[in-house]
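So the protein sequences, as listed, match chains A and B.
At position 114 of the first sequence the residue is numbered 276 (the working numbering), and the sequence of numbers has no breaks.
At position 93 of the second sequence the residue is numbered 101 (the working numbering), and the sequence of numbers has no breaks.
In this text, a Cβ means the ideal position worked out from N, Cα and C, and glycines have one as well.
Everything on this sheet refers to the single structure shown next.
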Amino acid sequence: MHFLKLFLFEEDYSSNGVPTPQFIINKKTVAVGYGYSKKDEYINLLRSASSAGLEQVILTPSDFTDIIQNAITNNLSINKIDFNVELDADIQKYIESVLRSLNESHDKSSIDQIDEVLLELMEEFTYPTKVTFTNSLNKIIIHNNGIAGIETYDDIFKLNLLLDKQQEGLLQ
Amino acid sequence: MKKALLFLLSISYQPGALFLVWIWNVRPFTWISDSLNIDLIKIFGTQNPITLQSALDVALLAWLLNLLLQLLKILLDKLVRPVKVEIKVKDPTDQTKNNSTLYSFAENKSVPLKVECEMEIKWRLVGKLLRLLKSNLTIAWPEGWLSLRIDNSNKYGQSIVKKGNIYFFSPWISISDAESSSRFQLIIFFNVNHDYKTEGSINVDFESAIENKLLKFISNILIRALVKKQLEHRTISLKKN
Chain A
163 MHFLKLFLFE EDYSSNGVPT PQFIINKKTV AVGYGYSKKD EYINLLRSAS
213 SAGLEQVILT PSDFTDIIQN AITNNLSINK IDFNVELDAD IQKYIESVLR
263 SLNESHDKSS IDQIDEVLLE LMEEFTYPTK VTFTNSLNKI IIHNNGIAGI
313 ETYDDIFKLN LLLDKQQEGL LQ
Chain B
9 MKKALLFLLS ISYQPGALFL VWIWNVRPFT WISDSLNIDL IKIFGTQNPI
59 TLQSALDVAL LAWLLNLLLQ LLKILLDKLV RPVKVEIKVK DPTDQTKNNS
109 TLYSFAENKS VPLKVECEME IKWRLVGKLL RLLKSNLTIA WPEGWLSLRI
159 DNSNKYGQSI VKKGNIYFFS PWISISDAES SSRFQLIIFF NVNHDYKTEG
209 SINVDFESAI ENKLLKFISN ILIRALVKKQ LEHRTISLKK N
């Protein structure tokens, strides 16, 4: 799997000093590839990116609702939502059933259900840290600190679709 | 500020009385004794009535000034500003209770915090004025060092404006004129961008969002006079590896 870190950039961003590969995801977001197993490489990436004026992407629960909506619109399945803490078994089951019906029927009410449950969980400071999607056989992972995982670089454009802003201000 | 002023006055009223007598010739005892035709030489049998008179002038003046000071203290204690705003940045996972959050740069997680706001408006008119002055809850963070994002910001629509490293949140859209108190909370997520700096803070305030600098300055003075602010900021410190 290839790992990418998502950053926000200003209009006058120059990619100097930031490692490659770099992919422009949309008008404001750039994805930079790095070796997942090498901790130092990641830390150095953060340092060089911030020196170049980049800011890390943060995805909040409501952003994930938008991303899930985008996934459904673009025929991607949602496999799993990981949270910062382990969920109660019944909530876990509920979320799984909502995701199943979302993947099968693509209906708007399931999105609202996801939105509601994420909002309620946030009250208890429980929030999604990672969401896994599948595109035919390939996995796409998005973490809430802006780390993304794709199995082939061809899936970059899927990442683009997932992070597409249907509503203004998704990524600030 | 209020305490400092009272302290300054309490240590300076005695020399102040001396100066008033000496330089400006403010002599309350002399005025009284003159108007009542009191003869000090007769009463005290003193050889030096001028010195005694001056001493009595200073003593009486000091007493009067002290009386005024005590009255001012009572007045300031009674004087309550018509609006109370309490804003706190809370971290439910923080065990230390010293308003600071430890962050592991190596783990590089996005961490949520709660911004709680409580408003009490005693006079409706003042509420209207604060609305007019565009008083906003503000969340500011060290630019470049932190990334910060309000959860559900789409839901708030026009209420949230981001300018550089400050979020302005207007509570007035969801508060009607009739309401005398309001309570709300925002969830923010932050992330540390680099470890060249190891400590910084997320600061909250209640201030004007007016664009014009002069108008903003005046509005902020008015807001400060009308609003009793209780602010609890949050320090973010990087864990040592």
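Using beta carbons (cut-off 8 Å, strictly below), is Leu-177 (chain A) in contact with chain B?
Working through the first sequence from its first residue, we reach residue 177 (chain A) at position 15. One point to set straight first is that residue 177 (chain A) is Ser, not Leu, in the sequence displayed. No, because no Cβ of chain B sits closer than 8 Å to the Cβ of Ser-177 (chain A).
Which bits of chain A does Asp-102 (chain B) rub up against, with CB to CB less than 7 Å?
Start at 1 with the first residue of the second sequence, and residue 102 (chain B) comes out as number 94. Taking the beta carbon of Asp-102 (chain B) as reference, no residue of chain A falls within 7 Å; the closest one sits roughly 11 Å away.
Using 8 Å for Cβ pairs, my map puts Ile-276 (chain A) next to Val-260 (chain A). What's the rounded Cβ distance?
On the first sequence, position 114 is the one that residue 276 (chain A) refers to. On the first sequence, position 98 is the one that residue 260 (chain A) refers to. Between Val-260 (chain A) and Ile-276 (chain A) the Cβ distance is about 6 Å, and since that is below 8 Å, they are a contact.
To the nearest whole angstrom, what separates the beta carbons of Pro-120 (chain B) and Phe-226 (chain A), a pair I think is in contact under 8 Å?
Residue numbering aside, residue 120 (chain B) sits at position 112 when the second sequence is read from its first letter. Residue numbering aside, residue 226 (chain A) sits at position 64 when the first sequence is read from its first letter. So it is not a contact: roughly 13 Å between Cβ atoms.
Note down, in chain order, every chain A residue with its Cβ under 9 Å from the Cβ of His-241 (chain B).
To locate residue 241 (chain B), count along the second sequence from 1; it is residue 233. Near His-241 (chain B) there are no residues of chain A at all, since even the closest Cβ is about 20 Å away, more than 9 Å.
Give the single residue among B:Phe-198, B:Lys-221 and B:Lys-136 whose Cα lies nearest to the Cα of Ser-118 (chain B).
As a working note, residue 118 (chain B) is residue 110 in the second sequence. Checking every option, the nearest Cα to that of Ser-118 (chain B) belongs to B:Phe-198.
Contacting residues, own chain, Cβ-Cβ under 8 Å from Val-279 (chain A) (five flanking each side not counted)
Taking the first sequence and counting its residues from 1, one reaches residue 279 (chain A) at position 117. Here the set comprises Ile-253, Tyr-256, Ile-257 and Val-260.
Can you confirm whether Tyr-198 (chain A), when its beta carbon is compared against all beta carbons of chain B, has any partner nearer than 8 Å?
The sequence position of residue 198 (chain A) within the first sequence is 36, counting from 1. It does not: the Cβ of Tyr-198 (chain A) has no partner Cβ on chain B nearer than 8 Å.
Within the continuous alpha helix (DSSP H) that includes Leu-234 (chain B), where are the two ends?
Position 226 of the second sequence, counted from the first residue, corresponds to residue 234 (chain B). Per DSSP, Leu-234 (chain B) belongs to the alpha helix (DSSP H) from 221 to 234.
For the alpha helix (DSSP H) that contains Val-260 (chain A), what are its first and last residues?
One-based indexing of the first sequence puts residue 260 (chain A) at position 98. Counting along the chain, the alpha helix (DSSP H) containing Val-260 (chain A) begins and ends at 251 to 267.
Would you mind reading off the limits of the alpha helix (DSSP H) that contains Gln-103 (chain B)?
Here residue 103 (chain B) refers to the residue found at position 95 when the second sequence is read from its first residue. Premise fails: Gln-103 (chain B) is in no alpha helix (DSSP H) and is neither H nor E.
Just to make sure I have the definition right: I need the residues of chain B whose C-beta is within less than 9 Å of the C-beta of Pro-181 (chain A). Which are they?
To locate residue 181 (chain A), count along the first sequence from 1; it is residue 19. Under the 9 Å cutoff, chain B gives no residues; its nearest Cβ is about 15 Å from Pro-181 (chain A).
When Cβ atoms are compared, which residues of the stretch 269 to 289 of chain A fall closer than 8 Å to chain B?
Leu-281, Met-284, Phe-287 and Tyr-289
Cross-strand partners of Tyr-204 (chain A) (DSSP beta bridge)
Counting from 1 along the first sequence, the entry for residue 204 (chain A) is found at position 42. Tyr-204 (chain A) pairs with nothing; no bridge assigned.
Confirm, please, whether the CB-CB distance from Leu-234 (chain B) to Val-134 (chain B) is below 8 Å.
Indexing the second sequence from 1 puts residue 134 (chain B) at position 126. Indexing the second sequence from 1 puts residue 234 (chain B) at position 226. Inclusion of Val-134 (chain B) and Leu-234 (chain B) in the CB contact set at 8 Å is warranted, their separation being smaller than that value.
Could you work out which residues of chain A lie near Ile-174 (chain B), taking near to mean beta carbons separated by less than 8 Å?
Here residue 174 (chain B) corresponds to residue number 166 of the second sequence, with the count starting at 1. Within chain A, no C-beta atom comes nearer than 8 Å to that of Ile-174 (chain B); the closest sits roughly 13 Å away.
Gln-184 (chain A): first and last residue of the uninterrupted beta strand (DSSP E) it sits in
For the purposes of this step, residue 184 (chain A) is taken as the residue at position 22 of the first sequence. Element bounds for Gln-184 (chain A): 184 to 186.
Between Asn-246 (chain A) and Thr-294 (chain A), what straight-line distance do the alpha-carbon atoms span, to the nearest angstrom?
Your numbering for residue 246 (chain A) matches position 84 in the first sequence. Your numbering for residue 294 (chain A) matches position 132 in the first sequence. Whole-angstrom Cα-Cα distance: 15 Å.
Listing by chain order, which chain B residues have their CB less than 8 Å from the CB of Leu-184 (chain A)?
For this step, residue 184 (chain A) is matched to residue 22 along the first sequence. Correcting the residue type first, residue 184 (chain A) is Gln in the shown sequence and not Leu. Per Cβ cutoff of 8 Å: no residues; Gln-184 (chain A) is ~17 Å from chain B at best.
Kindly confirm or deny that the stretch 202 to 214 of chain A and the stretch 295 to 302 of chain A touch, where touching means at least three C-beta pairs closer than 8 Å.
no
If you drop the 5 nearest sequence neighbours on each side, which residues of the same chain put their C-beta closer than 7 Å to that of Gln-218 (chain A)?
For this step, residue 218 (chain A) is matched to residue 56 along the first sequence. Closer than 7 Å at Cβ, skipping near neighbours: Phe-169, Asn-307 and Gly-308.
Does any CB atom of chain B fall closer than 8 Å to the CB of Thr-191 (chain A)?
Indexing the first sequence from 1 puts residue 191 (chain A) at position 29. It does not: the Cβ of Thr-191 (chain A) has no partner Cβ on chain B nearer than 8 Å.
For chain A, check one thing: does any of its Cβ atoms lie closer than 8 Å to the Cβ of Gly-152 (chain B)?
Within the second sequence, the letter at position 144 stands for residue 152 (chain B). So, interface residue.
What residue from B:Pro-90, B:Ile-181 and B:Arg-191 has the CA that sits closest to Lys-236 (chain B)'s CA?
Against the second sequence, residue 236 (chain B) aligns to sequence position 228. Minimum Cα-Cα distance from Lys-236 (chain B) among the listed residues B:Pro-90, B:Ile-181 and B:Arg-191 corresponds to B:Pro-90.
Find the residues of chain A that neighbour Lys-117 (chain B), judging by a C-beta separation of less than 7 Å, and give them in chain order.
Position 109 of the second sequence, counting from 1, holds the residue named residue 117 (chain B). Chain A residues near Lys-117 (chain B): Asn-307.
Can you list, in chain order, the residues of its chain with a C-beta nearer than 8 Å to that of Pro-36 (chain B)? Leave out the 5 residues immediately preceding and following it.
Position 28 of the second sequence, counted from the start, is the residue given in the question as residue 36 (chain B). If we look at Pro-36 (chain B) and ignore the five residues flanking it on each side, its Cβ neighbours are Asp-65, Leu-68, Leu-69 and Leu-72.
Do you know how far the Cα of Ala-211 (chain A) is from the Cα of Glu-282 (chain A)?
As a position in the first sequence, residue 282 (chain A) is number 120, starting the count at 1. As a position in the first sequence, residue 211 (chain A) is number 49, starting the count at 1. Roughly 34 Å separates the two Cα atoms.
Do three or more CB pairs link the stretch 153 to 164 of chain B to the stretch 201 to 217 of chain B at distances below 8 Å?
yes
Who are the neighbours of Ile-220 (chain A) on chain B, taking C-beta pairs under 7 Å?
As a working mapping, residue 220 (chain A) is identified with position 58 in the first sequence. Neighbours of Ile-220 (chain A) on chain B, chain order: Ser-118, Ser-155, Arg-157, Phe-197 and Asn-199.
From the DSSP output, in three-state form, read off Ala-258 (chain B) for me.
The shown model of chain B, from 9 to 249, leaves out residue 258 (chain B), and the question about it has no answer.
Cβ-Cβ separation, Thr-146 (chain B) to Asp-213 (chain B) (assumed contact under 8 Å), whole Å:
Taking the second sequence and counting its residues from 1, one reaches residue 213 (chain B) at position 205. Taking the second sequence and counting its residues from 1, one reaches residue 146 (chain B) at position 138. With 8 Å as the limit, Asp-213 (chain B) and Thr-146 (chain B) qualify as a contact, their Cβ atoms being about 5 Å apart.
Partner residues on chain A for Asn-160 (chain B), Cβ-Cβ distance less than 8 Å:
Along the second sequence, read from residue 1 onward, the residue named residue 160 (chain B) stands at position 152. Chain A residues near Asn-160 (chain B): Thr-222, Pro-223, Ser-224 and Leu-281.
Considering only the alpha carbon of each residue, which of B:Leu-28, B:Ser-178 and B:Pro-57 lies closest to Asp-42 (chain B)?
Counting from 1 along the second sequence, the entry for residue 42 (chain B) is found at position 34. With distances taken between Cα atoms, Asp-42 (chain B) lies closest to B:Pro-57.
So with Cβ pairs under 8 Å, would you call Glu-172 (chain A) a contact of chain B?
As a working mapping, residue 172 (chain A) is identified with position 10 in the first sequence. Cβ-Cβ to chain B under 8 Å: no for Glu-172 (chain A).
Name the residue from B:Leu-14, B:Met-127 and B:Gln-78 whose alpha carbon lies nearest to the alpha carbon of Arg-191 (chain B).
Along the second sequence, read from residue 1 onward, the residue named residue 191 (chain B) stands at position 183. Comparing Cα-Cα distances from Arg-191 (chain B) to each of B:Leu-14, B:Met-127 and B:Gln-78, the minimum goes to B:Met-127.
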